[in-house]
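From first to last, the protein sequence lines stand for chains W and A. Convert by adding 716 to the 1-based position in the first sequence; the result is the number in my numbering. Convert by adding 37 to the 1-based position in the second sequence; the result is the number in my numbering. Just so you know, even glycine gets a beta-carbon here, dropped at the ideal spot from N, CA and C. Since the model is a prediction, treat every value here as computed from it, not as a measurement.
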Amino acid sequence: MDVDDIIATLHKCFPDWESPQELSLDAEAVQYLASVIQNQGDWVKHRSTSLYTDPFLLEEKIQRLDKEELVTLFTAVWNPVIELEQLSISSLAEAMKYWSDLAPIDERWQKFGPMQVAAGATTREELVKLRILAEKTFFEELENFWTELKQRVGESEKIHYWDFVGADTYKETLDRAYMTSFLVTYGYATLEMHPLEEEVFIKPFGKPRSELADNRMVSVPISVSHEEWMRWKEEKQT
Amino acid sequence: MTRKAYYARKIKRATQLLFYKRHMKPGVKGWELKNALGSDYPKILKVLDKHLEKLDLQVKTVFEGEEPTEKPTLEELNRARFFVTLRGGLPSKDAKMMGWRIDDIAGLAVAISYIISKRGKAPREEVEDMLRSKLPGWRVDMNLNRYIRAGYLAEDENNMLYLDWRTRAEVDQKELVGLLLGTET
Chain W
717 MDVDDIIATL HKCFPDWESP QELSLDAEAV QYLASVIQNQ GDWVKHRSTS
767 LYTDPFLLEE KIQRLDKEEL VTLFTAVWNP VIELEQLSIS SLAEAMKYWS
817 DLAPIDERWQ KFGPMQVAAG ATTREELVKL RILAEKTFFE ELENFWTELK
867 QRVGESEKIH YWDFVGADTY KETLDRAYMT SFLVTYGYAT LEMHPLEEEV
917 FIKPFGKPRS ELADNRMVSV PISVSHEEWM RWKEEKQT
Chain A
38 MTRKAYYARK IKRATQLLFY KRHMKPGVKG WELKNALGSD YPKILKVLDK
88 HLEKLDLQVK TVFEGEEPTE KPTLEELNRA RFFVTLRGGL PSKDAKMMGW
138 RIDDIAGLAV AISYIISKRG KAPREEVEDM LRSKLPGWRV DMNLNRYIRA
188 GYLAEDENNM LYLDWRTRAE VDQKELVGLL LGTET
C-alpha cells in the first residue's frame, strides 16, 4: 500500500474540510492507515524471524513426504515429557487407613423410600391450606368485590378507576385491577372513559347485565404499571 | 550439614517433584519448586540437569506466554512450568512404545508444522484439509481431538487451533521447520 500517496492526498484535501463530520472521517482514515502499517510491521517482523516459513512451501514439502519420513523428522525434534505414576508403601498404607475409616456405602447414601401413610379423609380446610382449593370460589369473590364497589360508589354512581383499584401494596392493586376487569366483562359494572381528561370511571350496575357479556365486546387496555401506582399513591397522600 | 549433602538432598527432592505426576498436567510450577526447595531452586535444577544429561534427559522450562529473550527473572521462572523431557529425541521405531501409531505421530507433525507456518494459529478446517490428504476422514477429527486432549494443540471458540503447552515443552519448533524445509523433495 502506498502510504505516502494516501498521506499526500489527505494533506492536500485537509484545508477544504470544514464540518466536524468531514474532519472525523479524515481522522478515521488516518487511524485505519496506522493499523495497516502496524500489521505490515508485524508481518515483516515475523518474516525476518527464523520461524518464518512460507505456508505454501511447507504444505508442498509435507505433501511430498511419506508417513515414515515425516515421523523420522518429527521424532528427531520431539522430546516427550517424562511422567511417572507409582504406588509407594506409604501411599498404600494411607489408602488402607482411608478404606478402613470409610463408612459403608449403604450408610453414606441412605435410601429414602416413599413414606407410607394410611389413607384417610381430608377436610375442605386442609385442601385450602394446601392451596388445592381456593378459599372462596371465584364467583363468590367476584360478587363480594361487586358489593364493595357498590358501597364505595354510594350516591355518586361512579368512582374513579384508580381510587377503586389502588391499594396499599402494588401486588394488591394488581389483584384488584384483575378482579375489576372481570366485573366489567361479566356485566357487573361498566367503564366510563373521558379521553380528553384521560380519566376512567367505574359504574356498578344494580343487577348483573348478561347481555353485555354477549354483545358489543370491546377491549379497553388500562395500564396498571408500578410507576402509575406510585404516582397515584403520592397524589393520594398530598 | 555440608554444602554437598545439602545439594544432594535438594536434588533428590527436585527429582521426585519433577518425575512424579502430582497434578492433572505433568510438570511443576516454579513457585511450587520455590516452596519445596527454597529460592535457590534454579541453581538446584541446573545441577539436576547436569546429572540428567548423562541419561539423555533434561529439565525443560516452559514460560508463560513468549519465551524471554534475555536471562529470565526469578519472577518469570516462578510463573514457568518445569518438566523432565528426553534430550536428544528418540528413534522413530521407539515412538511405538508410547502408544502412538505412526499415523498419529505423522498427523501431529503435520498439524504442528502447519500451525507454526501460519504464525502460531490456523483454522481447524484448514488443518483438517491438510490431514485429510493422507489420513482417512474418520481418523482426522479423532486425531485432532486427541492432540487437543493431550495438550499439544488448543482450540478456541472460533475453531482456531494454537500450539499448546505440551508442544512448547516437547517440540523444538525451529528445528522441526528447518528439517522439513531441508528435505529434498
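Own chain, CB closer than 7 angstroms to residue i, minus 5 neighbours either side, in chain order
i	result
residue 806 of chain W	none
residue 87 of chain A	none
residue 752 of chain W	717
residue 169 of chain A	177
residue 74 of chain A	47, 50, 51, 81
residue 890 of chain W	940
residue 144 of chain A	168, 172, 180
Nearest residue (CA-CA) to residue i, options the options
i	options	result
residue 210 of chain A	A:189, A:196, A:197	A:189
residue 941 of chain W	W:881, W:746, W:862, W:785	W:881
residue 865 of chain W	W:812, W:892, W:853, W:884	W:892
residue 54 of chain A	A:85, A:42, A:39	A:85
residue 58 of chain A	A:109, A:118, A:205, A:90	A:118
residue 935 of chain W	W:920, W:897, W:757, W:812	W:897
residue 60 of chain A	W:756, W:778, W:801	W:801
residue 136 of chain A	W:772, W:757, W:753, W:796	W:796
residue 205 of chain A	A:141, A:99, A:112, A:144	A:99
residue 83 of chain A	A:76, A:193, A:108, A:96	A:96
residue 901 of chain W	W:924, W:889, W:886, W:888	W:924
residue 156 of chain A	A:56, A:215, A:199, A:79	A:199
residue 771 of chain W	A:148, A:185, A:172, A:122	A:148
residue 910 of chain W	W:885, W:749, W:818, W:876	W:876
residue 108 of chain A	A:193, A:79, A:127	A:79
residue 883 of chain W	W:741, W:944, W:846	W:944
residue 938 of chain W	W:908, W:951, W:818, W:954	W:908
residue 793 of chain W	A:127, A:154, A:140	A:127
residue 167 of chain A	W:821, W:784, W:813, W:774	W:774
residue 56 of chain A	A:144, A:161, A:122, A:106	A:122
residue 783 of chain W	A:40, A:105, A:140, A:219	A:140
Separation of residue j from residue i, as counted between CA atoms
i	j	result
residue 72 of chain A	residue 207 of chain A	26 angstroms
residue 213 of chain A	residue 791 of chain W	9 angstroms
residue 196 of chain A	residue 151 of chain A	15 angstroms
residue 159 of chain A	residue 191 of chain A	11 angstroms
residue 164 of chain A	residue 180 of chain A	11 angstroms
residue 894 of chain W	residue 835 of chain W	39 angstroms
residue 65 of chain A	residue 120 of chain A	7 angstroms
residue 45 of chain A	residue 90 of chain A	17 angstroms
residue 815 of chain W	residue 799 of chain W	27 angstroms
residue 743 of chain W	residue 756 of chain W	20 angstroms
residue 946 of chain W	residue 888 of chain W	13 angstroms
residue 874 of chain W	residue 920 of chain W	7 angstroms
residue 837 of chain W	residue 853 of chain W	22 angstroms
residue 202 of chain A	residue 69 of chain A	18 angstroms
residue 758 of chain W	residue 217 of chain A	24 angstroms
residue 747 of chain W	residue 723 of chain W	12 angstroms
residue 62 of chain A	residue 142 of chain A	21 angstroms
residue 42 of chain A	residue 154 of chain A	48 angstroms
residue 719 of chain W	residue 113 of chain A	40 angstroms
residue 738 of chain W	residue 754 of chain W	25 angstroms
residue 863 of chain W	residue 905 of chain W	11 angstroms
residue 951 of chain W	residue 868 of chain W	19 angstroms
residue 872 of chain W	residue 833 of chain W	58 angstroms
residue 954 of chain W	residue 855 of chain W	36 angstroms
residue 788 of chain W	residue 76 of chain A	41 angstroms
Which of helix, strand or coil DSSP assigns to residue i
i	result
residue 794 of chain W	strand
residue 730 of chain W	helix
residue 936 of chain W	coil
residue 191 of chain A	strand
residue 876 of chain W	strand
residue 913 of chain W	coil
residue 867 of chain W	helix
residue 946 of chain W	helix
residue 854 of chain W	helix
residue 954 of chain W	coil
residue 2 of chain A	The structure shown does not extend to residue 2 of chain A, since chain A is modelled only from 38 through 222, so no value can be given for it.
residue 802 of chain W	coil
residue 197 of chain A	strand
residue 902 of chain W	coil
residue 833 of chain W	coil
residue 127 of chain A	coil
Cβ-heavy atom distance, residue i to the ligand SAH, below 6 angstroms
i	result
residue 193 of chain A	The model depicted lacks the ligand SAH and carries no ligand whatsoever.
Sequence-distant residues of the same chain with beta carbon closer than 8 angstroms to residue i, five excluded per side
i	result
residue 146 of chain A	213
residue 886 of chain W	942, 945
Other residues of its chain near residue i: CB distance less than 6 angstroms, five sequence neighbours each side excluded
i	result
residue 878 of chain W	948
residue 93 of chain A	124, 125
Checklist entry - Any contact of the region 853 to 862 of chain W with the region 908 to 916 of chain W, i.e. 3+ C-beta pairs under 8 angstroms? => result no
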